[in-house]
Structure formats: structure tokens, C-alpha cells
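Numbering (our numbering), first residue to last: 216 to 269.
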């Protein structure tokens with residue numbers, strides 16, 4: 216049995232279980248990003264602010 220893809224159709228288990236929505240809600244309410252890039256961006260901003268002030 217081989218897996219084949221149907222063009223234009225995709226399925227995400229995380230979205231189906233509501234994990235994606237829960238992560239987005241958590242990030243909005245706390246201000247803490249849940250993605251690696253978002254977290255790095257936020258930490259970098261804090262470090263630069265601490266070093267150079269404003």
C-alpha cells in the first residue's frame with residue numbers, strides 16, 4: 216500500500232485536535248510567542264533593549 220497525495224487537499228492532526236488554536240490563544244493572552252522564530256525575535260529585542268536602552 217503506497218501513500219498518495221491528492222493535489223489541493225491537506226490534513227493536519229494538530230489543527231483537527233485544536234492544538235494550533237490553543238497555542239495561538241495562549242500566545243495572544245500571555246504575549247509569549249509559541250514558535251521558535253517568534254521566541255528568538257522577542258528575546259533578541261529584550262536583550263538589545265537592555266544593552267542600548269530606550
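Just so it is clear, CB atoms sit at the ideal spot from N, CA and C, and this is done for glycine as well.
Collapsed DSSP secondary structure at residue i in the structure displayed
{"i": "residue 267", "result": "helix"}
{"i": "residue 259", "result": "helix"}
{"i": "residue 219", "result": "coil"}
{"i": "residue 253", "result": "helix"}
9 Å Cβ cutoff met for residue i and residue j
{"i": "residue 225", "j": "residue 235", "result": "no"}
{"i": "residue 257", "j": "residue 247", "result": "yes"}
{"i": "residue 253", "j": "residue 242", "result": "yes"}
Nearest-angstrom Cβ-Cβ length linking residue i and residue j, presumed shorter than 8 Å
{"i": "residue 238", "j": "residue 245", "result": "The pair is not a contact, with the Cβ atoms about 11 Å apart (cut-off 8 Å)."}
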